[in-house]
Amino acid sequence: EVQLVESGGGSVQPGGSLRLSCAASGFTFSDYYMDWVRQAPGKGLEWVGRTRNRANSYTTEYAAPVKGRFTISRGDSQNSLYLQMNSLKTEDTAVYYCTRSITTTTRGIGYWGQGTLVTVSS
Amino acid sequence: QSVLTQPPSASGTPGQSVTISCSGVSSNIGSYTVNWYQQLPGTAPKLLIYSNDQRPSGVPDRFSGSKSGTSASLAISGLQSEDEADYYCAAWDDSLNGRMFGGGTKLTVL
């Protein structure tokens, strides 16, 4: 069974940093694309970025609002996905979801974690 | 303002059918497959339809998807109270080089 468990959320002041983690299990982690998606309170879903699989050299892509501030990385030996968030702004307040692609070749989002809340406020 | 356009709300009575639209352009829906997600209140989203019209195992066949040109649709037949949720479409966008979501449609079962 695919399981994705996020951790690391919390409250931080504007300009601060936070690192989210996602523990993955139930599949061969290195074979799949992994994305981060966020949802501001009462709002819709917003894609944050993704990391490709090992076959595609783990390259990353980011949404414009977070490019240059957020970094996605993965530790395949620990079956973990990470999101390093720097220079946080109040508009980054959201629930952050760790997700996995549908299959190794169908790259849309197929599985979601339960989410972790990040609050950026002074 | 979302790149993919969905109606903010939809409604129907139990047993009825409802359709939710998702409109894009050539760089997203026109070039890539569409996925649909259901988000029940207070929970994480769940994959409902992938590759335009494919249902993951466990999703009832009351849910169906279609795509034509730069638009996609999610159809729900035999509405049930437990279908009351937010529904989102999603597709990759070449111009923006990112995954785009629709703004979401809140489905109310009257």
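The listed protein sequences correspond, in order, to chains A and B.
Using this note's numbering, read the first sequence as starting at 1 and increasing by one per residue.
Using this note's numbering, read the second sequence as starting at 1001 and increasing by one per residue.
The beta carbon of each residue, even a glycine, is placed where N, CA and C say it ideally should be.
Since the structure is predicted, the reported quantities are computational estimates derived from the model, not experimental observations.
Practice problem: Give, in chain order, every unbroken run of the beta strand (DSSP E) that is at least 3 residues long and sits entirely within the stretch 79-118 of chain A. | Solution: 80-85, 94-101, 109-112
Quiz item: residue 91(A) CB to nearest chain B CB: under 8 Å?
Solution: no
Quiz item: Helix, strand or coil: which one does DSSP assign to residue 1097(B)?
Solution: Residue 1097(B) falls in the coil class under three-state DSSP.
Quiz item: Between 21(A), 14(A), 114(A), 94(A), which lies nearest to residue 73(A) when the distance is taken from Cα to Cα?
Solution: The candidate whose alpha carbon is nearest that of residue 73(A) is 21(A).
Quiz prompt | Nearest candidate by alpha-carbon position, reference residue 68(A), set 57(A), 86(A), 76(A), 59(A) | solution = Per the C-alpha coordinates, the member of 57(A), 86(A), 76(A), 59(A) positioned closest to residue 68(A) is 86(A).
Quiz item: Does the stretch 1069-1081 of chain B come close enough to the stretch 1016-1035 of chain B to have 3 or more Cβ pairs within less than 8 Å?
Solution: yes
Quiz item: Is it true that the stretch 25-39 of chain A meets the stretch 2-11 of chain A, where meeting means three or more beta-carbon pairs spaced less than 8 Å apart?
Solution: yes
Quiz item: Which residue's Cα is closest to the Cα of residue 56(A): 44(A), 104(A), 82(A), 15(A)?
Solution: 104(A)
Self-check item: Of the residues 117(A), 64(A), 113(A), 76(A), the one placed nearest residue 1096(B), counting alpha carbons only
Solution: 64(A)
Practice problem: Find the residues of chain B that neighbour residue 63(A), judging by a C-beta separation of less than 7 Å, and give them in chain order. | Solution: Neighbours of residue 63(A) across chain B, judged by C-beta separation under 7 Å: 1098.
Practice problem: Closer than 7 Å by beta-carbon distance: list the chain A residues that pair up with residue 1041(B), in chain order. | Solution: Within 7 Å Cβ-Cβ: nothing; residue 1041(B) doesn't reach chain A, min ~12 Å.
Practice problem: Give a single yes or no on whether residue 1022(B) has its beta carbon closer than 7 Å to a heavy atom of the ligand HEM. | Solution: Annotation note on the ligand HEM: not contained in the displayed structure, which lists no ligands.
Quiz item: Would the stretch 1063-1072 of chain B and the stretch 76-84 of chain A be scored as touching if the rule is three or more Cβ pairs under 8 Å?
Solution: No, they do not touch.
Quiz item: With a Cβ-Cβ cutoff of 8 Å, do residue 1024(B) and residue 1047(B) count as a contact?
Solution: no
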